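Asks:
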Amino acid sequence: MRKPVSTRRQKKNLVKVVDEAVDSSSTNTVELESNDSSSINGNAVSNQEPSTKASSVQEVLFDVTESKKIFNEEVLIQIQLVKDVVKDQLDKYEKAINKLVMGENILVKNNILTELPERLNKYELLINKLLDQNERLIESIDLISKKMVNDEHYNSLNRIVVALDDSLNKLLYMESSSQIKKENVLLLNQLHVVQQEFENVILKNRNIGSLDNKKDDINTEVYLGAADLIKQQLHYRLGATAIEHSRDLNGLLKLPYALLTETIAVKKRESQESAPQELEFYSDASEAERVKKHLSYKLGVVMVDGTKSLKNFIKMPIEVHRVVKGFQKKQSKA
Numbered sequence: 001m002r003k004p005v006s007t008r009r010q011k012k013n014l015v016k017v018v019d020e021a022v023d024s025s026s027t028n029t030v031e032l033e034s035n036d037s038s039s040i041n042g043n044a045v046s047n048q049e050p051s052t053k054a055s056s057v058q059e060v061l062f063d064v065t066e067s068k069k070i071f072n073e074e075v076l077i078q079i080q081l082v083k084d085v086v087k088d089q090l091d092k093y094e095k096a097i098n099k100l101v102m103g104e105n106i107l108v109k110n111n112i113l114t115e116l117p118e119r120l121n122k123y124e125l126l127i128n129k130l131l132d133q134n135e136r137l138i139e140s141i142d143l144i145s146k147k148m149v150n151d152e153h154y155n156s157l158n159r160i161v162v163a164l165d166d167s168l169n170k171l172l173y174m175e176s177s178s179q180i181k182k183e184n185v186l187l188l189n190q191l192h193v194v195q196q197e198f199e200n201v202i203l204k205n206r207n208i209g210s211l212d213n214k215k216d217d218i219n220t221e222v223y224l225g226a227a228d229l230i231k232q233q234l235h236y237r238l239g240a241t242a243i244e245h246s247r248d249l250n251g252l253l254k255l256p257y258a259l260l261t262e263t264i265a266v267k268k269r270e271s272q273e274s275a276p277q278e279l280e281f282y283s284d285a286s287e288a289e290r291v292k293k294h295l296s297y298k299l300g301v302v303m304v305d306g307t308k309s310l311k312n313f314i315k316m317p318i319e320v321h322r323v324v325k326g327f328q329k330k331q332s333k334a
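Sequential numbering from 1 applies to the sequence shown in full-length UniProt numbering.
1) Taking all protein chains shown into account, do 16 or more other C-beta atoms lie within 10 angstroms of the C-beta of V304, making it buried, or fewer, making it exposed?
2) Helix, strand or coil: how does DSSP classify residue 335 here?
3) Tell me which residues share the same chain as T29 and place their Cβ nearer than 8 Å to its Cβ, disregarding the 5 neighbours each side in the sequence.
4) Taking the alpha-carbon positions, what's the E289 to I243 distance?
5) Output the distance between the C-alpha atoms of Y257 and L120, rounded to the nearest integer angstrom.
6) Please name the residue, chosen from I314, L90 and R322, that lies closest to I138 on a Cα-to-Cα basis.
7) Consult DSSP for E273 and reduce its assignment to one of helix, strand or coil.
8) With three or more beta-carbon pairs closer than 8 Å as the criterion, would you say the segment 310 to 327 touches the segment 258 to 265?
9) Which residues in the same chain have their Cβ closer than 6 Å to the Cβ of K298, if we skip the five residues on either side of it in sequence?
10) Is the Cβ-Cβ distance between G239 and G300 less than 8 Å?
11) Suppose you measure from the CA of Q78 to the CA of M102; what does that come to, to the nearest Å?
12) Can you tell me whether DSSP reads Q331 as helix, strand or coil?
13) Mapping the DSSP letters down to three states, classify K254 as helix, strand or coil.
14) Is S296 helix, strand or coil by DSSP?
15) Measuring straight from C-alpha to C-alpha, what distance separates Q58 and K95?
16) Would you call the CB atoms of V291 and I230 closer than 8 Å?
17) On the three-state DSSP scale, how would you describe Q232?
18) Applying the criterion that 16 or more other CB atoms from any shown protein chain within 10 Å of the CB defines a buried residue, is S286 buried or exposed?
19) Look up S308 in the DSSP assignment and say whether it is helix, strand or coil.
20) Using a 10 Å radius around the Cβ and a threshold of 16 neighbouring Cβ atoms, would you call S246 buried or exposed?
21) Tell me the rounded alpha-carbon separation between D118 and K129.
22) State the Cα-Cα distance for the pair S271 and R237, rounded to the nearest angstrom.
23) Can you tell me the Cα-Cα spacing of S332 and S296, whole angstroms?
24) Please classify T241 as buried or exposed, where buried requires at least 16 neighbouring CB atoms within 10 angstroms.
Below is the structure:
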């Protein structure tokens, strides 16, 4: 960078002043030595000359000091100019770097946009494969459901236990708060108890004197207790067991074992039962239809039907929830 003309002139002046000061100081020194050696009697003259020389030296020193100040100020100005130039260059470099970074980002975005159609094609192929696999799975489920052995007392017992346990847990946790859960469970239990007591009162107060007139065939033996017959069947017993064990967490944990025990007991009792299991032999068959409207029977029907095919088994938790909600809605209207 080129220095200003004023600065160069000041430096020349400063050098000239310093040289003059040095010359004057040397001259003054020689004169002082000659004066000391030559005469002692010229005290008045010698006293005046040093004072004059001292004043001239002070002036020279003052000029030197001022020149130094001016030089320092000029140096500071030059340093500030250099700093400004460096700062401008750094700003330019930073802008250039930012442009390069933006250019790289644009290139990356352009690469992504160019690769996007290819990725979409891959995703479409993957979706088609998943759809094909889903169709094959549905076909396999249909084949398996057709080939399954229709033995609801042995092959589907574990399915009943697992599905019922899962459905009851979902019913309890689908409510909005723990208080609503407790109230719903308590309501189901109370409804179950009221239904049983109501059935017992009706059976005790029923007039059984006209049973012989209700049968066309006199020789056919007439039975009572159609309601009890339904309550002892597997459908009703499974539903009642599920409701009874849904009161608390401990009961839910014991539910699978309770269902297994109840199923075995029902099958054993049916094998030893001497009375007919068909409702047409009972004079109070109409009571059986009323018992079939109980929540216990409806839940048992859903659980038993869920074991007949794989599709029904998958839909069983939803069906259980639908039956419970429908029953609660009817009871609230009543």
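We put the beta carbon where it would ideally sit given N, CA and C, even for glycine. All values reported here derive from a predicted model rather than from experimental measurement.
Replies: According to the structure data:
1) buried
2) Within the shown structure, residues of the chain are numbered from 1 to 334, placing residue 335 beyond reach of any answer.
3) For T29, the predicted model reports a pLDDT of 45, less than 50, meaning its position is unreliable and no value from the coordinates is stated.
4) 20 Å
5) 51 Å
6) I314
7) In this structure, DSSP gives E273 a state outside helix and strand, which the three-state scheme calls coil.
8) As far as the Cβ criterion goes, the segment 310 to 327 does not touch the segment 258 to 265, which means the pair count is below three.
9) V323
10) yes
11) 36 Å
12) Reduced to three states, the DSSP call for Q331 is helix.
13) helix
14) helix
15) 56 Å
16) yes
17) coil
18) exposed
19) The question names Ser, yet the displayed sequence has Lys at residue 308. In this structure, K308 counts as coil in the three-state DSSP scheme.
20) buried
21) According to the sequence displayed, residue 118 carries Glu and not Asp. The alpha-carbon atoms of E118 and K129 are separated by roughly 17 Å.
22) 16 Å
23) 18 Å
24) So T241 ends up on the buried side.
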